[in-house]
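Number of protein chains: 2
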Amino acid sequence: MNLEMEHVLPQDIERRSMEIIAQELGDRRLDDANADVIKRVIHTTADFDYADTLCFSPSAVEKARAALQRGADIVTDTQMAKAGINKQRLGNLGGQVHCFMSDEDVANAAKEQGTTRAVASMDKALSLQKPLIFAIGNAPTALIRLYEHIQEGRIRPELVIGVPVGFVNVVYAKELIMQADVPFIVARGRKGGSNVAAAIVNALLYGMGKR
Amino acid sequence: MNLEMEHVLPQDIERRSMEIIAQELGDRRLDDANADVIKRVIHTTADFDYADTLCFSPSAVEKARAALQRGADIVTDTQMAKAGINKQRLGNLGGQVHCFMSDEDVANAAKEQGTTRAVASMDKALSLQKPLIFAIGNAPTALIRLYEHIQEGRIRPELVIGVPVGFVNVVYAKELIMQADVPFIVARGRKGGSNVAAAIVNALLYGMGKR
Numbered sequence: 049m050n051l052e053m054e055h056v057l058p059q060d061i062e063r064r065s066m067e068i069i070a071q072e073l074g075d076r077r078l079d080d081a082n083a084d085v086i087k088r089v090i091h092t093t094a095d096f097d098y099a100d101t102l103c104f105s106p107s108a109v110e111k112a113r114a115a116l117q118r119g120a121d122i123v124t125d126t127q128m129a130k131a132g133i134n135k136q137r138l139g140n141l142g143g144q145v146h147c148f149m150s151d152e153d154v155a156n157a158a159k160e161q162g163t164t165r166a167v168a169s170m171d172k173a174l175s176l177q178k179p180l181i182f183a184i185g186n187a188p189t190a191l192i193r194l195y196e197h198i199q200e201g202r203i204r205p206e207l208v209i210g211v212p213v214g215f216v217n218v219v220y221a222k223e224l225i226m227q228a229d230v231p232f233i234v235a236r237g238r239k240g241g242s243n244v245a246a247a248i249v250n251a252l253l254y255g256m257g258k259r
Numbered sequence: 049m050n051l052e053m054e055h056v057l058p059q060d061i062e063r064r065s066m067e068i069i070a071q072e073l074g075d076r077r078l079d080d081a082n083a084d085v086i087k088r089v090i091h092t093t094a095d096f097d098y099a100d101t102l103c104f105s106p107s108a109v110e111k112a113r114a115a116l117q118r119g120a121d122i123v124t125d126t127q128m129a130k131a132g133i134n135k136q137r138l139g140n141l142g143g144q145v146h147c148f149m150s151d152e153d154v155a156n157a158a159k160e161q162g163t164t165r166a167v168a169s170m171d172k173a174l175s176l177q178k179p180l181i182f183a184i185g186n187a188p189t190a191l192i193r194l195y196e197h198i199q200e201g202r203i204r205p206e207l208v209i210g211v212p213v214g215f216v217n218v219v220y221a222k223e224l225i226m227q228a229d230v231p232f233i234v235a236r237g238r239k240g241g242s243n244v245a246a247a248i249v250n251a252l253l254y255g256m257g258k259r
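Those protein sequences? They're chains A and B, same order as listed.
Sequential numbering from 49 applies to the first sequence in my numbering.
Sequential numbering from 49 applies to the second sequence in my numbering.
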């Protein structure tokens, strides 16, 4: 490991990082359609495990970009993911980010029903009348609730980004959502997080600029 | 891996997660003083690497908690870390979180000086007249600039949380800050992130409640 400082201009840091990532991936072939997303997640986490764990339903990236082009909104389960998503780029396409986790009605509903605020947030999202992309970076309960809503025909997301992190029902929730009949991007296993959720949304947005 | 759903009440999910983490750490002995922080970072990332990579200067946790008790503010280099820090808990102690990354004067200063906004943010932090904890989760350039300010006697942080993530100068910046004569918590290597920075601040805050 090089402990000299590498002199890279501010505007070149990201390009240089992506070069290093490509180099270290070596002979490893990423699916062209998904490479943007996988590389940006590795860029965000410095964790090459994601080259193995990220799972994509057929044409997930293409379908998601088409939805963003039509002005899809993002619904997320954490304020951190909301903070990390490029809201200007999304806004230029007519979309916005919703996070209901801190809403008073959500807190009350969760308390009354003895459930998590993440579950109550997913219930609240049913009222949104736009194409929706869900970016779940924290709560497996959100993903499980979303699965129920999809299966019972109450909602039809354009994409579900299923990347909660943790130890209780996280693996279960991710495997479950991959059985729903909607496009998905899921980080199999325990790893993920709000940073990963935001990185995936941003990779979708930035990739649109290139086309 | 268990693919049945585990039935855990919402209020018990964190406790159950911490049990699983303790179980999987097994015989691995964590330093008592640092265990709160290490376990919360693993909880946030599901990445046990942090049990090896997190480095603490002597009494870093104790000194940081004493500073928080005196109303120390947090300065961070990302809006995501700011979003993730428990601002209510911090506010109860008299502290607040600053992130200057989106400030217009910072953008202008960075442009004029051909540097990063992270560097200009660290310069702006020099004007704060309170005990300060820096939580750097993204930009190695912020950490390098902070090192210069410390070495030249312009600032004396109560704690530097050095957990930027990435590929360009990240390892260098972390090794450098550990040579400054200030308390630190650093995630050695490439990994880290704004989620890790926020988790460390929150672990410091939550641990105070217990005492």
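All C-beta atoms in this analysis are idealised placements derived from N, C-alpha and C, irrespective of residue type, glycine included.
Chain A partners of residue i, CB-CB under 8 Å?
i             : result
residue 239/B : 93, 94, 95
residue 210/B : Chain A residues near residue 210/B: none, gap ~14 Å exceeds 8 Å.
What did DSSP end up calling residue i once you bin it into helix, strand or coil?
i             : result
residue 121/A : strand
residue 210/A : strand
residue 244/B : helix
residue 233/B : strand
residue 146/B : strand
residue 51/A  : coil
residue 57/A  : coil
residue 102/B : strand
residue 203/B : coil
residue 163/B : coil
residue 259/B : Because the pLDDT at residue 259/B is just 46, under 50, the model does not fix this residue reliably, and the value given afterwards should be weighed accordingly. It is coil, neither helix nor strand.
residue 175/B : coil
residue 151/A : coil
residue 111/B : helix
residue 228/A : coil
Can you name the residues of chain B whose CB is closer than 7 Å to the CB of residue i?
i             : result
residue 170/A : Those do not exist, as residue 170/A stays about 14 Å from chain B at its closest Cβ, beyond 7 Å.
residue 149/A : Result: empty, since nearest Cβ-Cβ is about 11 Å, beyond 7 Å.
residue 152/A : Residues of chain B passing the Cβ test: none, with the nearest at roughly 15 Å.
Give the range of the alpha helix (DSSP H) segment to which residue i is assigned.
i             : result
residue 68/B  : 61–73
residue 183/A : From DSSP, residue 183/A is part of no alpha helix (DSSP H) but of the beta strand (DSSP E) over 180–184.
residue 137/B : 135–140
residue 85/A  : 80–93
residue 219/B : 218–225
residue 129/B : 127–132
Near residue i, which residues of its chain fall below 7 Å by C-beta distance, leaving aside the five closest residues on each side in sequence?
i             : result
residue 120/B : 143, 178, 179, 180, 181, 206
residue 105/B : 231, 232
residue 73/B  : 99
residue 127/B : 147, 149, 150
residue 218/B : 188, 212, 238
residue 115/B : 179, 181, 206, 207
residue 259/B : Because residue 259/B carries a pLDDT of 46, less than 50, the predicted location of this residue cannot be relied on, and no value is offered for it.
residue 110/A : 81
Looking at residue i: is its Cβ nearer than 7 Å to the Cβ of residue j?
i             : j             : result
residue 239/B : residue 94/A  : yes
residue 154/A : residue 172/A : yes
residue 210/A : residue 184/A : yes
residue 157/B : residue 166/B : no
residue 112/A : residue 252/A : yes
residue 125/A : residue 186/A : yes
residue 175/A : residue 214/B : no
residue 192/A : residue 228/A : no
residue 250/B : residue 134/B : yes
residue 216/A : residue 52/B  : no
In chain order, what residues of the same chain have a beta carbon less than 6 Å from the beta carbon of residue i, not counting five sequence neighbours either side?
i             : result
residue 247/A : 88, 89, 92
residue 170/A : 190, 193, 194
residue 78/A  : 86
residue 161/B : none
Name the chain B residues that come within less than 9 Å of residue i, Cβ to Cβ?
i             : result
residue 64/A  : 215, 216
residue 164/A : 58, 61
residue 131/A : 126, 127, 128, 129, 130, 131, 132, 242
residue 200/A : Those within 9 Å of residue 200/A in chain B number zero; the least Cβ separation is about 17 Å.
residue 110/A : Here the premise fails: no neighbours, minimum Cβ distance about 28 Å.
Leaving out the 5 sequence neighbours to the left and right, which residues in its chain are closer than 8 Å to residue i when beta-carbon positions are compared?
i             : result
residue 49/A  : At residue 49/A the pLDDT is 49, less than 50, meaning the model places this residue with poor confidence and gives no usable figure here.
residue 102/B : 82, 85, 86, 89, 233, 234, 235, 236
residue 70/A  : 87
residue 164/A : 158, 187, 189, 190
residue 5/B   : Residue 5/B is absent from the model: chain B starts at 49 and stops at 259.
residue 107/B : 81, 231
residue 56/A  : 64
residue 244/B : 89, 92, 93, 98, 185, 211, 213, 235
Over what stretch of residues does the beta strand (DSSP E) that includes residue i continue unbroken?
i             : result
residue 194/A : Careful: residue 194/A lies outside any beta strand (DSSP E), inside the alpha helix (DSSP H) at 188–199.
List, in order along the chain, the chain A residues whose C-beta lies closer than 7 Å to that of residue i?
i             : result
residue 68/B  : 215
residue 223/B : 51
Along chain B, which residues have their Cβ under 8 Å away from the Cβ of residue i?
i             : result
residue 220/A : 50, 51, 52, 53, 54
Just to check, is the beta-carbon of residue i closer than 6 Å to a non-hydrogen atom of the ligand ADP?
i             : result
residue 190/B : Summarising the ligand content, the structure contains no ligands, and the ligand ADP is consequently not present.
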